[in-house]
Structures are given as structure tokens and as C-alpha cells.
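The structure under discussion appears below in the form of C-alpha cells.
Dropping the structure here:
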């Protein structure tokens, strides 16, 4: 992990700024979606997202198409972290790696214990992810009260969380697999890698064309098409320097920050957070599914992150950075319980064809994320500078 004396890169600062601003906009769009859905035009609002273009609903184009661009950005961020960021040095990366593992496994275990053998057991992946935008938004409000290395720690384990969510989606939320189309996607990916590594092509257009073709093959394969975004990210040329203007990967990542933060994710929120509050909404929150999501995010995240980090430091495989205290790690674990984007995304896949379960799941995600965010913010505000 970095120390407070290390200067954060411009790329990281730009990423941090766009994510914190995106969190505010996401809250606004979520409130609009909820108000519209529960107003007199609620049915018209929900039906709007089901209007079809090219054989697919608008909602599906957003969740499978636009969100592929979001996954492309996640892939580019992950690649930067692996090559030149906090994950490039295994010793430095180990603490956020183990934090992410604990932060995924314990919430999943809590959900599994409550929902095993029930119709909602497929939702096990819902409480595993952390929403970077909201977590960084909370840290941004805290400002200088927290050390810079805590921001990097949260970004690192949240990005790894997203990678874990991507793996979960690919492995467990695939309906019917077409080997031929999947092979086609990997052939295109291999050709893009050849363009990068062997032919040293640094023009963006061939990669975008290949990415669209790969998205089509992945969509037809049965594996969620957004995975193509991550695959494309790892085929794009990368230069091993911070803020290298000659790096195609760096330029694309910098370009995508604002469109993803201020266009794609807000549209995703408008299309996917239209939650209906009917007379039975409370029973949905207290169902095994609702409790599994809430307990996984609010309790499972901080417990998993703090315990596995403490154990790793105790046995000597990790070291707590000099400017971080266990109160910081605890607060970061609480903020890790903000699920939102990825949790809602997985909800749509886990309960496809069950609108009532999706509705109550999203309600649980929003309330649990709000609770986790408030608790994490207050914890760090009060104890962020106190040795615990």
C-alpha cells in the first residue's frame, strides 16, 4: 500500500473525482426512478424501458450494451492497477486482495445460510460487490480526515470485488451456453491480442470493431455480453507509465471516465431502480432473500474485510500501512457494504422472469447500501483519526 507521502497519479485523481461526482448523480437518478414508478404514470415509466429496438428491449440494450462499456472501463482500471498501480507489487497488493476475498466470501456465506434450498438461493452473488462510485463519494466528503492510502485501499479492493463479480456472472449466471459462439468470441479476442502484442497496432478503430464483434458473439453464446468489455480491455495496448499520453489504454480510460460516470451509470439507474412500494413491501425486506442481502452488505462486508485483513497481518503475510489504523480498515469495510450498481446488475440476472423478487431485492439493496454508507461515513468521521 502507498503511504501518505506518495503522490497520487493524475489518472487516479481524475478517476476519484469522476466517481465521487457520479455517486451524487446516481442518487438523484435513483430518486427520480422511484418517484416516477410510484406516481400515476408508473406503468408508463416502466413500460418505456421495455420498448423494443432491433428485437431487444431498451432495458436490455442498456444492461447488455451500455453496461459493456462500463465493464470495459472496469477492465482498463484493473489492468492499470495490475501493471503500474497498487496491484502491480504483490506485497502491496496483498492487503486489498485479501480484503476483497473476505468481503466477497462472508456476505455470500451469510446469504447462502439464509437462502440455501429456497427459490431465491441464486441471489448468492448479490451482496458480494462494492459500488466504487458511492464508496469514493463518501470518502471524498471526508476529505483530509482520512489518509490518501485509505482511498487507494478502497479503490483496490472495490476493483477486485468487481472482478470477482465478473467471474461470478460468467460462471454462475449463464443460462444456455453455445460453445460455437463462445469460441468465436475468444477467436476475436485472440486476434486483437495479436494486433496488440505482435503487430503493435495502436489505432483504436480495429479494437473497437473487434470489440463489437466479440460482444455479439458473447451475447449469442449465453454468457453475459458485458464480459466482452473486460476482454476488450485486456487486448488494448498499454504503456507501463503513469499518465502516458502515448498509451492507447490510458487515453481510452481517461476518455471513458466521464461518459460512464455521467451518462451510462445514470441511465442504468433510471432503468433499473424503478422500485414499486406496494402494501407488501415490508414483507419483502424481512424475507430470507431480503435479510440475506441486507445482512450480507451491512454485516458481512465489514466482518469479512476486517477479520481476514487482521488474520493476514497477524500471521505476517500482509502489513498494515503506517498511516492506516484498524479503525480505517473497519470504516472501509462498512463502506464496502454499498452494493448498488453491481448488486442490482446481478439481481437482474439471478431472478430473471421474477419481477416481484427483483423488486424486493432492489429495495433491500438500496436500503442496505444507504445504511452501510451512513455507518461507514459516521465511523470514519468520528474514529478516522483515532487509533483503535
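In the working numbering, the protein residues as written are 1199 to 1586. Note that CB positions come from ideal geometry on N, CA and C, so glycine has one too. What you are looking at is a predicted structure, and each value in this text was computed from that prediction instead of being measured.
In this structure, 1274 is the residue among 1318, 1526, 1227, 1274 with its C-alpha nearest to the C-alpha of residue 1446. By alpha-carbon distance to residue 1578, the top candidate from 1551, 1401, 1349 is 1349. Using a C-beta cut-off of 8 Å, the region 1470–1485 makes contact with the region 1557–1569, since at least three inter-stretch Cβ pairs fall below that distance. Taken atom to atom, the span from the alpha-carbon of residue 1428 to that of residue 1235 is near 33 Å. Under the criterion of beta carbons closer than 8 Å, residue 1407 and residue 1380 do not qualify as touching, at roughly 20 Å. Rounded to the nearest whole angstrom, the CA to CA distance from residue 1551 to residue 1371 is 14 Å.
Counting along the chain, residue 1395 sits inside the alpha helix (DSSP H) bounded by residues 1377–1395.
Rounded to whole angstroms, the Cβ separation of residue 1532 and residue 1360 is 18 Å, and the two are not in contact under 8 Å.
Looking at the DSSP output, residue 1559 bridges to nothing. Taking 8 Å as the cut-off, the Cβ atoms of residue 1538 and residue 1562 do not count as close. The continuous alpha helix (DSSP H) containing residue 1457 extends over residues 1446–1457. Residue environment: residue 1267 is assigned as buried (16 or more neighbouring CB atoms within 10 Å of its CB, all protein chains considered). Collapsing the DSSP output to three states places residue 1419 in a helix.
The C-alpha of residue 1481 lies about 25 Å from the C-alpha of residue 1225. By the CB criterion at 8 Å, residue 1425 and residue 1363 fall outside the cutoff.
Below 8 Å, enough C-beta pairs join the region 1380–1390 and the region 1400–1417 to call them touching: three or more. Runs of the alpha helix (DSSP H) lying entirely within the region 1291–1355 and spanning at least 4 residues, in chain order: 1330–1340. Between the region 1300–1308 and the region 1484–1501 there are three or more inter-stretch CB-CB distances shorter than 8 Å, so the stretches are counted as touching. By the criterion of a C-beta distance shorter than 6 Å, residue 1320 is surrounded in its chain by 1548, once the five residues flanking it on both sides are discounted. Taking a contact as a CB-CB distance under 8 Å, the pair residue 1463 and residue 1525 does not count as one, their CB atoms being some 30 Å apart.
Taking a C-beta distance under 8 Å as the contact criterion, residue 1277 and residue 1431 qualify as a contact pair.
Residue 1507 has its alpha-carbon roughly 10 Å from the corresponding atom of residue 1513.
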